[in-house]
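J.: Numbering follows UniProt numbering, with no gaps: position 37 of the sequence shown is 37.
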Amino acid sequence: MIDFSPAIGTVGGKDFSGQVVVVGARVQRWSVGDSVCGFLYGLDPHVGEKGWAGAFAHAGYIPLATCSPSNFDLVKSFGAEKAFDYHSPSCGVSIRAFTKGKLQKALDCITDSGSMRICYTAMGPRGDQWPALEPPSEKIKQSRKDIEADWVMALTIFGKDVDLKGPSGCAATPGDKDWARSWYTQAEGLVADGFLRPHPAKLANGNWTDVLQGIDELRSGKVRGVKFVYEID
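(1) Which word fits Gly92, buried or exposed, when buried means at least 16 other C-beta atoms lie within 10 angstroms of its C-beta?
(2) Hey, Tyr86 and Cys67: beta-carbon distance below 8 Å or not?
(3) Please return the same chain residues whose Cβ sits closer than 7 Å to the Cβ of Gly169, not counting the five positions on each side in sequence.
(4) Sort Glu188, Leu155 and Gln186 by Cα distance to Ala172 and report the nearest one.
(5) To the nearest angstrom, report how far apart Gly18 and Cys37 are at their CA atoms.
(6) What residue range does the beta strand (DSSP E) around Asp150 cover?
(7) Would you mind listing the beta strand (DSSP E) stretches within the region 132 to 193 that are 3+ residues and don't spill past its ends, in chain order?
(8) From which residue to which residue does the alpha helix (DSSP H) around Thr209 run?
(9) Once the 5 residues before and after Val152 are set aside, which same chain residues still bring their CB inside 8 Å of it?
(10) Counting C-beta neighbours from all protein chains within 10 Å, is the total for Ile95 16 or more, i.e. buried, or is it exposed?
(11) Considering only C-alpha positions, which residue in the set Arg224, Phe98 and Asn71 is nearest to Ile62?
(12) Roughly how many angstroms separate the alpha carbons of Gln142 and Asp112, rounded to a whole number?
(13) What's the call for Gln213, buried or exposed, on a 16-neighbour Cβ count within 10 Å?
(14) Only counting runs of 4 or more residues, tell me where the alpha helix (DSSP H) segments fall wholly within the region 58 to 136, in order along the chain.
(15) Do Ala201 and Val229 have their CB atoms nearer than 8 Å?
(16) Starting from the Cα of Gly101, find the closest Cα among Ser88, Gly79 and Asp128 and give me that residue.
(17) Report the option in Phe84, Arg144, Asp210 and Gly79 whose CA atom is closest to the CA atom of Gly60.
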């Protein structure tokens, strides 16, 4: 994802802060001159380590997590009841045993054939929902008719057609924009109440050369369980 870019010389990202300079005709919440900031909820390599578990627990679920053993304490601090090593060949079986075959919902933040198999193995005989962040494997999907497998294209929240190639391209979905407007209001409350927490930050001083070095560390997989934040002199 670090090297993904729609065109040479451009970057992908959704973090922002600043002042509103123009608003749409139907915008009621914001005014020109308001100070605003945003955050990236999901859609990044460490989405599965975000503080989502506290929000799920707040909604009445018992959250379980899969991650590397080095991050077990991190996800538990976010509210996960138990963490499982997704590198283990018996990961899915272990989850199924822990839940006594009663697991019905699994959120797949990786969405490759390996993660999908783990989820399908972990879910009990009365499987219910498997939402993911990418189109699922049709072969694995057809292996269990009791599971409703679907995936989320986040760009539909803007109320416009998604002009992308392949299965990622789709027509505007009625209601998604209204849902997103409601959800962002709820998310602000969850953040304020501590049920959604930001990823642990690793603060560093330096210059743009240090930032590029940090990107190389991300690219090589050396960064685990933290998000780099640089103070540029």
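By construction, the Cβ of each residue, glycine as well, lies at the ideal position given by its N, Cα and C atoms. Remember, it's a predicted structure, so these values are computed and weren't measured experimentally.
T.: So, from the listed chains and residues:
(1) buried
(2) yes
(3) Within the same chain, Gly169 has close Cβ partners Val162 and Asp163.
(4) Leu155
(5) 6 Å
(6) Glu148 to Trp151
(7) Taking only runs of at least 3 residues, the beta strand (DSSP E) segments lying wholly in the region 132 to 193 are 148 to 151.
(8) Trp208 to Arg219
(9) Pro131, Ala132 and Leu133
(10) buried
(11) Of the candidates Arg224, Phe98 and Asn71, the one whose C-alpha sits nearest the C-alpha of Ile62 is Phe98.
(12) 15 Å
(13) exposed
(14) Here the runs fully enclosed are 72 to 77, 91 to 98 and 113 to 122.
(15) yes
(16) Asp128
(17) Gly79
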